[in-house]
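**Student:** Numbering (this note's numbering), first residue to last: 16 to 265.
Cβ coordinates follow ideal geometry from the N, Cα and C atoms, glycine included.
Because the structure is a prediction, the values reported are computed rather than measured.
Structure provided below as structure tokens; questions to follow.
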Amino acid sequence: MSENSQKTTHFGFSEVPEGEKAGRVQGVFNSVASKYDIMNDVMSMGIHRVWKDAMMDWLAPRPGQKLLDVAGGTGDISFRFLDRAGHGHATVLDLTEPMLVEGRKRAEASHLADSLDWVVGDAMSLPFEDNTFDVYTISFGIRNVTRPQEALNEAYRVLRPGGRLMVLEFSQLPNEGLQKLYDLYSFNVIPRMGQAIAGDYDSYQYLVESIRKFPDQETFLSMVRTAGFGNAKYRNLSMGIAALHSGWKL
Numbered sequence: 016m017s018e019n020s021q022k023t024t025h026f027g028f029s030e031v032p033e034g035e036k037a038g039r040v041q042g043v044f045n046s047v048a049s050k051y052d053i054m055n056d057v058m059s060m061g062i063h064r065v066w067k068d069a070m071m072d073w074l075a076p077r078p079g080q081k082l083l084d085v086a087g088g089t090g091d092i093s094f095r096f097l098d099r100a101g102h103g104h105a106t107v108l109d110l111t112e113p114m115l116v117e118g119r120k121r122a123e124a125s126h127l128a129d130s131l132d133w134v135v136g137d138a139m140s141l142p143f144e145d146n147t148f149d150v151y152t153i154s155f156g157i158r159n160v161t162r163p164q165e166a167l168n169e170a171y172r173v174l175r176p177g178g179r180l181m182v183l184e185f186s187q188l189p190n191e192g193l194q195k196l197y198d199l200y201s202f203n204v205i206p207r208m209g210q211a212i213a214g215d216y217d218s219y220q221y222l223v224e225s226i227r228k229f230p231d232q233e234t235f236l237s238m239v240r241t242a243g244f245g246n247a248k249y250r251n252l253s254m255g256i257a258a259l260h261s262g263w264k265l
């Protein structure tokens, strides 16, 4: 057995061989694809819409820009980006084809069809040339990537000089007491709501566990810098329940 095949990573609170994680993540999102937008409402109590608008406010899309939206799922970020930019192009990439299928069904997809591409692909090995995109976004997706540092390295590669990285992800509250209260809600309420709404307890349990396993804001900021991004910063949203990380390919 090769050294690489012996490496493990976390899948929620479980340790699994690295080679298995992508397939397991696909299984989760295959299961929840048709309920994904509802799932985001459940997990964030609807506040994910405000967070995504805050992402666009900081990003400030400009006309004619080319966006790569990784783990873009049902197109939420791409639709917002194109609306703010006025005109431009967005490529939605996701590992899970049923998520892209759901995105194509959305009303926004039909009238923006000429400005959208939908691509099945892996964040750690993007099927694009170097220096291709003006903006790279990943929203609530990077914690599901087997090796997040490789995804950030790939983001740097495919961005043009002067390009912008922006990552929106669930994060950690800086106050220990508030974090404990949030964990009580997350672990006791969200999986049960997943069962009630989507008939799927286990997938929601994984998603809650994956949030707790994701690096805190400062650790992730150092990963963004390690990938080569300059002027890297983050902003907490809702006291740190989520965070926005930004960097530039200088």
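Within 10 Å of its beta-carbon, does Leu-196 have 16 or more other beta-carbons around it, so buried, or fewer, so exposed?
**Tutor:** Numbered from 1 along the sequence shown, position 181 holds the residue referred to as residue 196. Exposed.
**Student:** Considering only DSSP beta bridges, list what Ile-153 is partnered with.
**Tutor:** The residue given as residue 153 occupies position 138 in the sequence shown. Its beta-bridge partners are Val-85, Val-182.
**Student:** Taking the alpha-carbon of Thr-147 as reference, which of Leu-127, Phe-155, Val-173 has the nearest alpha-carbon?
**Tutor:** Counting from 1 along the sequence shown, the entry for residue 147 is found at position 132. Taking only the C-alpha atoms, the option nearest Thr-147 is Val-173.
**Student:** Are the segment 37-44 and the segment 53-70 touching by the rule of at least three beta carbon pairs closer than 8 Å?
**Tutor:** With the cut-off at 8 Å, the segment 37-44 and the segment 53-70 do not touch.
**Student:** When burial is assigned at 16 or more other CB atoms within 10 Å of the CB, is Glu-144 buried or exposed?
**Tutor:** If you number the sequence shown from 1, residue 144 lands on position 129. Looking at its Cβ environment, which holds fewer than 16 other Cβ atoms inside 10 Å, Glu-144 is exposed.
**Student:** Pull the bridge partners of Lys-248 from the DSSP assignment, please.
**Tutor:** Numbered from its first residue, the sequence shown carries residue 248 at position 233. According to DSSP, Lys-248 bridges with Ser-261.
**Student:** Which residues share a DSSP beta bridge with Thr-23?
**Tutor:** As a position in the sequence shown, residue 23 is number 8, starting the count at 1. For Thr-23, which the question treats as bridged, DSSP gives the partners Pro-32.
**Student:** Alpha carbon to alpha carbon, how far is Val-160 from Ser-17? Give it in angstroms, no decimals.
**Tutor:** The sequence position of residue 17 within the sequence shown is 2, counting from 1. The sequence position of residue 160 within the sequence shown is 145, counting from 1. Per-residue confidence for Ser-17 stands at a pLDDT of 44, beneath the threshold of 50, marking its modelled position as unreliable; the derived number appears in the next sentence. Computed Cα separation, rounded: 21 Å.
**Student:** What are the residues that DSSP puts in a beta bridge with Ser-140?
**Tutor:** On the sequence shown, residue 140 is found 125 positions in, with the first residue counted as 1. DSSP lists Asp-137 as partners of Ser-140.
**Student:** Measure the C-alpha to C-alpha separation of Asp-129 and Asp-149 and round it to an integer number of angstroms.
**Tutor:** Looking up residue 129 in the sequence shown gives position 114. Looking up residue 149 in the sequence shown gives position 134. Cα-Cα distance, rounded: 18 Å.
**Student:** Here's the rule: buried if 16 or more other CB atoms are within 10 angstroms of the residue's CB, otherwise exposed. What is His-260?
**Tutor:** For this step, residue 260 is matched to residue 245 along the sequence shown. Looking at its Cβ environment, which holds 16 or more other Cβ atoms inside 10 Å, His-260 is buried.
**Student:** In three-state DSSP terms, what is Ser-17?
**Tutor:** For this step, residue 17 is matched to residue 2 along the sequence shown. In this prediction, Ser-17 has a pLDDT of 44, which is less than 50 and means its spatial position is unreliable; nothing more can be read from the coordinates.
**Student:** So, do the segment 106-114 and the segment 75-94 have three or more beta carbon pairs nearer to each other than 8 Å?
**Tutor:** Enough Cβ pairs lie closer than 8 Å, so yes.
**Student:** Any idea if Gly-55 is buried or exposed, counting beta-carbon neighbours within 10 angstroms, 16 or more meaning buried?
**Tutor:** As a working note, residue 55 is residue 40 in the sequence shown. Looking at the sequence itself, residue 55 is Asn, so the reference to Gly does not match. When all chains shown are included, Asn-55 counts as buried.
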